[in-house]
């Protein structure tokens with residue numbers, strides 16, 4: 021079960037790392053009429069969150085294999 025959670029966390033981290041504006045478009049972009057994009061700060065923080073999720077996902081996988 022922990023392997024599944026680890027892989028899901030890694031998947032979410034990869035999405036945040038490689039496609040940071042996807043979450044913004046799903047949450048806020050549909051509300052805006054016209055051309056609007058997320059700020060650079062939002063994109064940077066989303067990428068950092070993705071790196072953190074990757075780190076946590078790998079820790080979950082590694083601890084499952086050694087326990």
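In our numbering, the protein residues as written are 21 to 87.
The C-beta atom is built at its ideal place from N, Cα and C for all residues, glycine as well.
Remember, predicted model here, so these are calculated numbers, not experimental data.
In whole angstroms, what is the alpha-carbon distance linking residue i and residue j?
{"i": "residue 22", "j": "residue 75", "result": "15 Å"}
{"i": "residue 62", "j": "residue 54", "result": "19 Å"}
{"i": "residue 42", "j": "residue 58", "result": "10 Å"}
{"i": "residue 87", "j": "residue 32", "result": "24 Å"}
{"i": "residue 93", "j": "residue 85", "result": "Because the chain in this structure spans residues 21 to 87, residue 93 falls outside the shown range and cannot be described."}
{"i": "residue 80", "j": "residue 38", "result": "21 Å"}
{"i": "residue 83", "j": "residue 24", "result": "13 Å"}
{"i": "residue 72", "j": "residue 64", "result": "12 Å"}
Compute the distance between the beta-carbons of residue i and residue j, then report whether it is under 7 Å.
{"i": "residue 77", "j": "residue 36", "result": "no"}
Should residue i be labelled buried (16 or more other beta-carbon atoms within 10 Å of its own) or exposed?
{"i": "residue 66", "result": "buried"}
Quiz item: Can we say the region 45–52 touches the region 26–34, given the rule of at least three CB pairs closer than 8 Å?
Solution: no
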